[in-house]
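Novice: I have a structure I would like to understand better, so I am pasting it below and will then ask my questions one at a time.
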Amino acid sequence: MDSAVAESGQDDVATPVSDAAKKLGRAIVVTSGKGGVGKTTTTANLGIALASRGARVALVDADVGLRNLDIVLGLESRVKYHVLDVLEEKTTLDEALVKDKRCETLSLLAAAQTREKDDVDTGKMRELIGALRERFDYVLIDCPAGIEKGFVNAVAGAEEAIVVCTPEVSAVRDVDRVVGLLGNRFKPQLIINRLRPALVKKGKMLSVDDVNGILHLPLLGVIADEPEIIVTTNKGEPLALRHEGQTAAAYHAIAARVAGEDVPAPTVESKENFGDKLRAFFGGRKA
Amino acid sequence: MIDWMKKLFGQTPSSSTAKERLRLVLMTDHLALAPEIIENMKRDLVDVISRYVEVDREKVEVNFEREDKALAMLANIPITAVNRQSPPEPPPERPADPPSAIVESTKDEVAAPASTHAGAPPRRKRRKKPAASKAAPAQ
Ligand SMILES: Nc1ncnc2c1ncn2[C@@H]1O[C@H](COP(=O)(O)OP(=O)(O)OP(=O)(O)O)[C@@H](O)[C@H]1O
Ligand SMILES: [Mg+2]
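In structure tokens:
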């Protein structure tokens, strides 16, 4: 059942020894199976957080046909070329990479909006990621939803995976499937996104333990369901550009963990509102 | 703990419903993704049953269905003949079962001629979870 990925990925190229010898960067695919769980948001914020640590980071939008990463990053007006232009040698990698002025070591390679996933050659995609790994410390690949060609292409050049999961039955099921497809080779790590601690407390949402009791993946961290994210996406200014606030801090902590620092996985504490506190004070003891 | 909450508030928190559904759906998914396991299990199952009765191996069907709170394995194993002699090998069970299987088959119109279905109720042999859940992690 691993064949879809195994076929397209060549194990032998990615041995740690050759990485060290060539000082290749780490290619990490951000994936989930299910759509809309926050892959693009996570890729953008994690990329910024890694770059703000001084690492050279390339973000690759592998969602050909539904390009979003440039918008979320606020770089859409500066995109001239896209992945397929590079793959088809219409331009050079240097021309196609958009440098983020707010975050000097961050670059974006946008997806083609008017093309289809089938237009991408898996082998060439793998070569492209390889070329990026020679220039960047991290290559984060924003994977499209699904497990078809787009997924296979996005995963092709990667050697690690971050899976994004929301605390919902369907998202967990899809992550389980994707992790099965990836196999052990990608050392998948988990980010739980859009957790609402108040709902978890009331038993209305799966908790981190519920989710990971099923998935059993190394947990990179938990991101709250954060209304600010909508605002930051509206503006094209990802939250991780800031350093204050619980959610921005969580992205920075996840970046530190990805970089190998021994910091605890960010969690989401229940921000009890005043009403909850009152209720606890007056009525809590009954229950 | 959850049961205790249930009793107290008279309802199940939806998160535990979600957890339960997820557990079941993943068992089903993992089984569906591991056809070899099911084939092996089917073979072993038929091997055991053939110690007592003759089975039409070609027509053996094994399915998994969601029951209320568990995954059930439903095996449909057509029996072509019943040996009168005692079984050649162990288990300690007495060959008193086969006749009842024949009785069962007369009630069962769907059965192919000369075949019958091992086991009781509707027309399939029912086994609870253990086999299924054991197979699941092997994905
Ligand atoms: N932690 C969060 N809190 C609140 N909203 C969020 C959070 N993460 C993502 N969102 C919102 O959820 C929506 C989907 O996010 P995003 O586009 O990142 O998902 P995706 O997995 O990339 O989707 P697709 O599968 O379509 O590519 C967006 O509107 C985004 O702003
Ligand atoms: Mg996306």
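So the protein sequences, as listed, match chains A and B.
Under our numbering, read the first sequence as residues 2 to 288, first letter to last.
Under our numbering, read the second sequence as residues 310 to 448, first letter to last.
Ideal Cβ positions, reconstructed from N, Cα and C, are used throughout, including at glycine.
The model shown is predicted, which means the values in this text are computed figures rather than measured ones.
1. In angstroms with no decimal places, state the Cα-to-Cα distance between M126 (chain A) and I142 (chain A).
2. For A113 (chain A) and V65 (chain A), which I take to be in contact (beta-carbon distance under 8 Å), what is that distance rounded to the nearest angstrom?
3. Is DSSP giving P219 (chain A) helix, strand or coil here?
4. Starting from the beta carbon of L207 (chain A), find every residue of chain B whose beta carbon is closer than 7 Å, and list them in chain order.
5. Given this structure, state the Cα-to-Cα distance separating L67 (chain A) from V73 (chain A), to the nearest angstrom.
6. Going by DSSP, what residues sit across from C166 (chain A) in a beta bridge?
7. Using a C-beta to C-beta distance shorter than 8 Å, which residues of chain A count as neighbours of D338 (chain B)?
8. Would you say H244 (chain A) reaches chain B, if we count a Cβ-Cβ gap shorter than 7 Å as a contact?
9. Which residues share a DSSP beta bridge with S108 (chain A)?
10. DSSP state of V212 (chain A), grouped into three classes?
11. Confirm the yes/no value for this check: CB of N69 (chain A), any heavy atom of ligand 4, distance under 6 Å.
12. Quick one: Cα of P387 (chain B) to Cα of V371 (chain B), how far?
13. Distance check for G214 (chain A) and L107 (chain A), CA to CA, integer angstroms please.
14. Using a C-beta to C-beta distance shorter than 7 Å, which residues of chain B count as neighbours of D211 (chain A)?
15. Looking at the unbroken beta strand (DSSP E) that takes in A28 (chain A), where does it start and where does it end?
16. What is the residue span of the alpha helix (DSSP H) that D338 (chain B) lies within?
17. What are the start and end residues of the beta strand (DSSP E) that includes F373 (chain B)?
18. Are the beta-carbon atoms of T268 (chain A) and V164 (chain A) separated by less than 7 Å?
19. Is I224 (chain A) near ligand 1, with its Cβ less than 6 Å from a heavy atom?
20. Determine the DSSP secondary structure at T379 (chain B), reduced to helix, strand or coil.
21. Can you pull the chain A residues whose beta carbon is under 7 Å from the beta carbon of L335 (chain B), in chain order?
22. Return the chain-ordered list of same chain residues with a C-beta closer than 6 Å to the C-beta of A50 (chain A), the five sequence neighbours on each side being excluded.
23. Note down the Cα distance separating D120 (chain A) from V80 (chain A), rounded to an integer number of angstroms.
24. Consider the C-beta atom of T32 (chain A) and the heavy atoms of ligand 2; say whether any pair is separated by less than 6 Å.
25. Assign E270 (chain A) to one of two classes, buried (16 or more other C-beta atoms within 10 Å of its C-beta) or exposed (fewer than that).
26. What residue from A:V209, A:G246, A:L88 has the CA that sits closest to P219 (chain A)'s CA?
27. List the residues of chain A that L331 (chain B) touches, going by C-beta distances under 7 Å, in chain order.
28. Looking at V170 (chain A) and R375 (chain B), is the spacing between their C-beta atoms short of 7 Å?
29. Mark V264 (chain A) as exposed unless 16 or more other C-beta atoms lie within 10 angstroms of its C-beta, in which case mark it buried.
30. Please state whether DSSP places P387 (chain B) in a helix, a strand or coil.
31. Quick one, which of A:D101, A:R57, A:V179 has its alpha-carbon nearest P145 (chain A)'s?
32. Could you tell me the alpha carbon to alpha carbon distance between P404 (chain B) and L354 (chain B), rounded to whole angstroms?
33. If contacts are defined as beta-carbon pairs under 8 Å, then R174 (chain A) and V334 (chain B) qualify, I think. What distance do you get, rounded to the angstrom?
Specialist: The short version:
1. 11 Å
2. 5 Å
3. coil
4. S324, A327, K328
5. 13 Å
6. A:I193
7. R174, D177, R178
8. no
9. A:A59, A:K100
10. helix
11. No copy of ligand 4 occurs in the structure displayed; its ligands are ligand 1 and ligand 2 alone.
12. 12 Å
13. 35 Å
14. S324, K328
15. 27 to 32
16. 323 to 341
17. 370 to 375
18. no
19. yes
20. One detail in the question is off: residue 379 (chain B) reads as Ala in this sequence, not Thr. Here A379 (chain B) sits in coil by DSSP.
21. R174, D177, I215
22. A241, Y252, H253, A256
23. 20 Å
24. no
25. exposed
26. A:V209
27. V170, V173, R174, I215
28. no
29. exposed
30. strand
31. A:V179
32. Confidence at P404 (chain B) is low in this model, with a pLDDT of 49, below 50, so its placement is unreliable and no value can be given for it.
33. 6 Å
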